[in-house]
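So for the sequence shown, the UniProt record's numbering puts the first residue at 1; every next one is plus one.
A quick write-up on the structure given underneath.
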Amino acid sequence: MDGPIRGLAMANLTINGKTFTLDVEPDTPLLWAIRENAGLTGTKYGCGIAQCGACTVHMDGVAIRSCGISVAEAEGKPITTIEGLASGSTLHKVQQAWIAKDVPQCGYCQSGMIMAVAALLSEKPKPTDADIDEAITNICRCGTFQQVREAIHTIASA
1 MDGPIRGLAM
11 ANLTINGKTF
21 TLDVEPDTPL
31 LWAIRENAGL
41 TGTKYGCGIA
51 QCGACTVHMD
61 GVAIRSCGIS
71 VAEAEGKPIT
81 TIEGLASGST
91 LHKVQQAWIA
101 KDVPQCGYCQ
111 SGMIMAVAAL
121 LSEKPKPTDA
131 DIDEAITNIC
141 RCGTFQQVRE
151 AIHTIASA
C-alpha cells in the first residue's frame, strides 16, 4: 500500500468562508486543525487549556478559545480566524485601531486579543470599562492592556 490511509477520520470545517475537508480525528482541538491542517497560522498556541486567549477565533460570531473546542464541536459552524477578519484589503476597525494606537509589543497574543475585542464590539458597540474587564480576559505578557482599552474606546467613540 502506498502512503497513509486517508478518509477514516474526516472533518468538514468552514473557516473564513471556505470549506476545508481535513483528515483529523473528531477530538482534535480546533486550534490544531486550523494551524496544522488548514495552514492558517495566525491563530496562536499559548497555554493549551483555554485560559490565555492566544487561540481566540470566532465560531458562529462568538469569541471562543480554539484549543478547548474539538473539531467535532466545530463542524457545521462558521469559523473566523484573524486571517478572515479583514474584508479584502480593508482591515477590520479593530485592526485599524491596533495600528493607530500602536497596541502590540511582541505581538504574540494580538491575533487572539483582536478577535476577542472584535466579538465584544459586535455585541456591545459602546462597551464600558466593566464590559471590557468582563469580556477581554486574554493574557498579554507585555502588559498592553491600557493600549487595548484605549483602542476599544477609540472605536466605540467613532
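Virtual Cβ for every residue (Gly too), placed ideally from N, Cα, C.
What you are looking at is a predicted structure, and each value in this text was computed from that prediction instead of being measured.
Item                                                                                                                              : Value
Sub-7 Å separation of threonine 81 and valine 117 beta-carbons                                                                    : no
Proline 4 versus threonine 21: straight-line alpha-carbon distance, rounded                                                       : With a pLDDT of only 47 at proline 4, under the threshold of 50, the placement of this residue in the model should not be trusted; the figure read from the coordinates follows. Distance between the alpha carbons of proline 4 and threonine 21: 16 Å.
The segment 21-30 / the segment 68-87 touching (three or more Cβ pairs under 8 Å)                                                 : yes
Proximity below 7 Å, CB of alanine 158 to CB of lysine 126                                                                        : no
Runs of alpha helix (DSSP H) lying entirely within the segment 56-106, each at least 4 residues, in chain order                   : 71-74, 93-100
Cβ distance (whole Å) where methionine 113 is taken to contact alanine 63 below 8 Å                                               : At roughly 10 Å, the Cβ-Cβ gap does not stay under 8 Å, so methionine 113 and alanine 63 are not in contact.
Classification of serine 66 by the beta-carbon crowding that lies within 10 angstroms, buried from 16 upward                      : buried
Whether glutamate 75 touches glycine 42 by CB criterion (7 Å)                                                                     : no
Lysine 18 - partner residues in DSSP beta bridges                                                                                 : Ile15
Nonlocal neighbours in the same chain, by C-beta distance under 7 Å from aspartate 60, ignoring five residues either side         : Lys77, Pro78
Spatially closest choice to cysteine 106 from Ala130, Ala54, Thr154, by CA coordinates                                            : Ala54
Residues sharing a beta bridge with aspartate 23, DSSP                                                                            : Met10
Chain-order list of residues whose beta-carbon lies under 8 Å from that of residue 163 (same chain, five-residue window excluded) : Since the first residue shown for the chain is 1 and the last is 158, residue 163 is missing from the structure and cannot be characterised.
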